[in-house]
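Novice:
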Amino acid sequence: MERYTPNQIAGMLQVSTTTLRRYEEQDLIPTVPRTPSNHRYYGEVHAQAFTTIRVLLQGYDIPVAYEVMRSLKQGQAEQALWMMNEQQYQIHLEKKRVEDILAMIRHTDIPRTLNTEWKEPLNIGEAAALAGVKTSAIRHWEAEGLIRSERNPENGFRMFSLAELRKILVISSLRKTVYYIDNMRSLLSTLDTQDHQEIERSFQVALEKLNTRLTLQCMGIAEVMKYMNLLSLEK
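Shown next, in the form of structure tokens:
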């Protein structure tokens, strides 16, 4: 059986031995054997476990990647696969949402594009529900000067026009790919001028990132299958 030292695995994966030890402490890999002199050594199943972790972390949320590894270690392969499937479903929904909002920007008919009806203006809860974000996020964007609200004269609640809802939808779709407030502010200004070329480019970047993440998730599945096979041989 092939044996690896922590330094060898760390070199192969270009991480520190501290990182490997952290994965072990997090209960993500099979029990690590020791030499008679009490030094750790890893076998093929450990090497594959570490490889699987590193690939999963590129395409899946950290808590999900960790829970997948714990489930595999505990022999709960189906549970691990369903968790991964759920993440793929989520990025599928995100891709559809980004495409729908891009179509809305192109055609301007928000109610028809989102397949919903409302009366303008909207309160913050309604705007948040349509954008799929928390009301605290909208308050933050307003504080940053990205959007503006009017106050309901009867109760003082924030109210948003259709134009501001368009901005909220754009921010909610691009917040993970447009990192700087000033960049986002510049993009939003093009909504008023009807020059949407830059926004379209930004949406294409967002879609490309989702495509890349899907590819990484599929690579993660491939590594998980290799790991599962090695685990079965260990039994």
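28 is the number of the first residue of the sequence shown in the numbering used here; add one for each residue after it.
Every residue, glycine too, gets a C-beta built ideally from N, C-alpha and C.
#1: DSSP has residue 178 in a bridge; who is on the other side?
#2: Taking three-plus beta-carbon pairs below 8 Å as touching, is the region 111 to 128 in contact with the region 55 to 74?
#3: Decide if residue 109 is buried, meaning its Cβ has at least 16 other Cβ atoms within 10 Å, or exposed.
#4: Could you tell me the distance, in whole angstroms, from the CA atom of residue 83 to the CA atom of residue 244?
#5: Are the region 210 to 218 and the region 40 to 49 touching, with three or more C-beta to C-beta distances below 8 Å?
#6: Which residue's Cα is closest to the Cα of residue 153: 217, 96, 45, 185?
#7: Starting from the C-beta of residue 103, find all residues in its chain whose C-beta is less than 7 Å away, skip the five residues before and the five after it, and write them out in chain order.
#8: Rounded to whole angstroms, what's the CA-CA distance from residue 263 to residue 59? Just pull it up for me.
#9: Can you tell me which residues form a DSSP beta bridge with residue 149?
#10: In terms of residues, what are the limits of the alpha helix (DSSP H) holding residue 42?
#11: 7 Å is my cut-off, CB to CB: does residue 200 come that close to chain B?
#12: Is it the case that the Cβ atoms of residue 33 and residue 61 are separated by a distance below 7 Å?
#13: Run the CB neighbour count on residue 247, radius 10 Å, all protein chains shown included, and call it buried at 16 or more, exposed below.
#14: Whose C-alpha, out of 98, 87, 99, 129, is nearest the C-alpha of residue 116?
#15: Can you give me the Cβ contacts of residue 114 inside the same chain, cut-off strictly under 6 Å, excluding the 5 residues immediately before and after it?
#16: Count the other CB atoms, across all protein chains shown, that sit within 10 Å of the CB of residue 191; report buried if there are 16 or more and exposed otherwise.
#17: For residue 236, I'd like the list of residues in its chain whose CB is within less than 7 Å of its CB, leaving aside the five on either flank, ordered along the chain.
#18: In this structure, does DSSP put residue 254 in helix, strand or coil?
#19: Cβ of residue 202 within 7 Å of Cβ of residue 218?
#20: So residue 10 is in the alpha helix (DSSP H); what residue range does that whole segment cover?
#21: Could you compute how far the alpha carbon of residue 79 sits from the alpha carbon of residue 251?
Specialist: So, from the listed chains and residues:
#1: The sequence position of residue 178 within the sequence shown is 151, counting from 1. Paired residue(s): 185.
#2: no
#3: Sequence index remark: in the sequence shown, residue 109 carries index 82 (1-based). Counting Cβ neighbours within 10 Å, residue 109 comes out exposed, since fewer than 16 surround it.
#4: Translated into the one-based positions of the sequence shown, residue 83 becomes position 56. Translated into the one-based positions of the sequence shown, residue 244 becomes position 217. Distance between the alpha carbons of residue 83 and residue 244: 7 Å.
#5: no
#6: The residue given as residue 153 occupies position 126 in the sequence shown. It is 185 whose Cα lies nearest to the Cα of residue 153.
#7: To locate residue 103, count along the sequence shown from 1; it is residue 76. Closer than 7 Å at the Cβ level, and outside the excluded window around residue 103, lies no residue.
#8: Lying before the first or after the last residue shown, residue 263 is absent from the chain, which here runs from 28 to 262.
#9: Looking up residue 149 in the sequence shown gives position 122. 187.
#10: Stepping through the sequence shown from its first residue, residue 42 is reached at position 15. Counting along the chain, residue 42 falls outside any alpha helix (DSSP H), and DSSP gives it neither H nor E.
#11: Protein chains in the displayed structure number just one, and chain B is not present.
#12: What you label residue 33 is simply residue 6 of the sequence shown in a count that begins at 1. What you label residue 61 is simply residue 34 of the sequence shown in a count that begins at 1. It is not a contact, given that the beta carbons lie outside the stated cut-off.
#13: Mapped onto the sequence shown, residue 247 falls at position 220. Looking at its Cβ environment, which holds 16 or more other Cβ atoms inside 10 Å, residue 247 is buried.
#14: Reading the sequence shown from its first residue, position 89 is the one you call residue 116. For the residues 98, 87, 99, 129, the minimum Cα distance to residue 116 belongs to 87.
#15: Here residue 114 refers to the residue found at position 87 of the sequence shown. Cβ neighbours of residue 114 beyond the five flanking positions: 87, 91.
#16: Residue mapping note: residue 191 aligns to position 164 of the sequence shown, counting from 1. Flag for residue 191 reads buried.
#17: By 1-based counting over the sequence shown, the position of residue 236 is 209. 204.
#18: As a first step, residue 254 is located in the sequence shown; it is residue number 227 there, counting from the start. Of the three classes helix, strand and coil, the one that applies to residue 254 here is helix, per DSSP.
#19: Taking the first residue of the sequence shown as 1, we reach residue 202 at position 175. Taking the first residue of the sequence shown as 1, we reach residue 218 at position 191. Cβ distance not < 7 Å, so residue 202 and residue 218 don't count as in contact.
#20: The chain is shown from 28 up to 262; residue 10 falls before or after that span and cannot be answered.
#21: As a position in the sequence shown, residue 79 is number 52, starting the count at 1. As a position in the sequence shown, residue 251 is number 224, starting the count at 1. Going by the C-alpha atoms only, they are around 6 Å apart.
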